[in-house]
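Below you'll find the structure, written out as structure tokens, and then a few comments.
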Amino acid sequence: MRMNSTRVSFAMAMFVAAALAGCRREQPAQPSAPAPASSTAPAPATQAATAATPLQDVTEHTADYVIGISYPPIANEYPALAAELRAYADNARRELLEAAKGREKGEGSAPYELVLPFTELHVSPTLVAVGVDGSSYTGGAHGAPLIARWVWLPKQNRLLRASDLVADAKGWAAISALVREQLHTALSQRIDADALPAAERVEVLKSASRMIEDGTEPDPEHFSQFEPIVGGDGRIRALRFVFAPYQVGPYSDGTQTVEVPSALLLPYIAPAYRSLFEGG
């Protein structure tokens, strides 16, 4: 269920490691809360943004912060998609710079850090999927995860959003139930593997189960990050819903994913998009 990290850009990771070598010391543990879901949510593309210059990778390194942003070449083939990615990255960069400006002199030794490796997940004439599994570090024990997905419809020249894909409450209730079942099963397996004492096991199970229920309420907003899993015929055979740390579990559980086969999704998919799915 946990997201494989092989999509993260190795070049970006090497850059950040080199930039921070010898300058980051262990930070005192601090409570870290998730960034609001809307803080770096993709903004609608405007005509001005669409007409902007092509995306270019960003590398910045000062005594106060390090920024590394890399874009997939495919994005520049679709200017409106490029505008969505640029808006997300610009917002994350702006938040980091504001945090760096407000940093007190002598506050820690490690520079703040933004790493955004956008990656190409799928490309075809009917679907383009781009993801980012990044983070923003502004002090504390660890960075805040920045996890997002974009599914682009080239023929319509627009994003495919969860609220478009499944338009009614009945559909989201069914999808929520399917996702919750898989997440609860994975949670039980992790707790069993940890061999916790009985009393601690009950508390961990109770707390994590509550996070699953809250983070998968039957609302498209809770399922807004998804990516298509495409079969050999070019149609979607499943959707992989992506949940950033804190949404359905503690930070230590990392990014979690749940795959729902198209056969289970089709009854709830809006008619306009059924042809994208196997069996549709």
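Numbered according to mature numbering (1 follows the signal peptide of the UniProt record, and there is no 0), the sequence shown spans residues -21 to -1, 1 to 259. No residue lacks a Cβ here, since even glycine has one placed at the ideal position from N, Cα and C. All of these numbers come straight from a predicted model, not from anything done at the bench.
From the options, pick the residue whose C-alpha is nearest to that of residue i; which is it?
i           : options            : result
residue 156 : 138, 135, 122, 191 : 191
residue 82  : 116, 195, 203      : 116
residue 233 : 209, 121, 214, 175 : 121
residue 203 : 218, 92, 66, 212   : 218
residue 273 : 75, 50, 76, 74     : No answer is possible for residue 273: the residues shown for the chain start at -21 and end at 259.
residue 173 : 98, 249, 231       : 231
residue 135 : 118, 154, 106      : 106
residue 165 : 225, 41, 235       : 235
residue 205 : 185, 38, 145       : 145
residue 98  : 150, 128, 147, 229 : 128
residue 229 : 186, 259, 41       : 186
residue 70  : 59, 89, 41, 93     : 93
residue 72  : 44, 112, 52        : 44
residue 113 : 46, 188, 245       : 46
residue 212 : 244, 77, 225, 259  : 259
residue 131 : 151, 59, 75        : 59
Thinking residue i and residue j are a contact (beta carbons under 8 Å), I'd like their distance in whole angstroms, please.
i           : j           : result
residue 223 : residue 124 : 5 Å
residue 237 : residue 220 : 5 Å
residue 159 : residue 195 : 5 Å
residue 57  : residue 133 : 7 Å
residue 100 : residue 110 : 5 Å
residue 79  : residue 91  : 5 Å
residue 63  : residue 175 : That belief does not hold up - the Cβ atoms of residue 63 and residue 175 are roughly 42 Å apart, past 8 Å.
Who pairs with residue i in a beta bridge, going by DSSP?
i           : result
residue 128 : 110
residue 166 : Per DSSP, none; premise fails for residue 166.
residue 273 : This structure leaves residue 273 out entirely; the chain is present only between -21 and 259.
residue 40  : 45
residue 97  : 111
residue 116 : 92
residue 206 : 219
residue 137 : 132
residue 102 : 107
residue 123 : 115
Considering only residues of the same chain and omitting the five flanking positions on each side of residue i, which have a CB-CB separation below 7 Å?
i           : result
residue 55  : 33, 34, 61
residue 227 : 162, 190, 191, 194, 195, 235
residue 48  : 36, 37, 68, 95
residue 153 : 247
residue 243 : 157
residue 151 : 145, 197, 198, 199
residue 170 : 180, 183, 184
residue 245 : 253, 256, 258, 259
Hey, does residue i have any beta-carbon neighbour from chain D nearer than 8 Å?
i           : result
residue 101 : Any reference to chain D falls outside this structure, which holds one protein chain only.
Leaving out the 5 sequence neighbours to the left and right, which residues in its chain are closer than 6 Å to residue i when beta-carbon positions are compared?
i           : result
residue 216 : 208, 210, 241, 257
residue 254 : none
residue 102 : 53
residue 22  : Below a pLDDT of 50, predicted positions are generally treated as unreliable, and residue 22, at 47, falls in that range; the measurement from the model is reported next regardless. So the qualifying residues of the chain are 66.
Go through its chain and collect everything with a Cβ distance to residue i's Cβ below 8 Å, but skip five positions before and after it.
i           : result
residue 8   : Legend: pLDDT at residue 8 = 37, less than 50; position of this residue unreliable, no value from coordinates given.
residue 147 : 247
residue 249 : 143, 144, 145, 146
residue 168 : none
residue 41  : 90
residue 188 : 163, 166
residue 149 : 247
Would you call the stretch 179 to 186 and the stretch 198 to 206 in contact, with 3 or more CB pairs under 8 Å?
no
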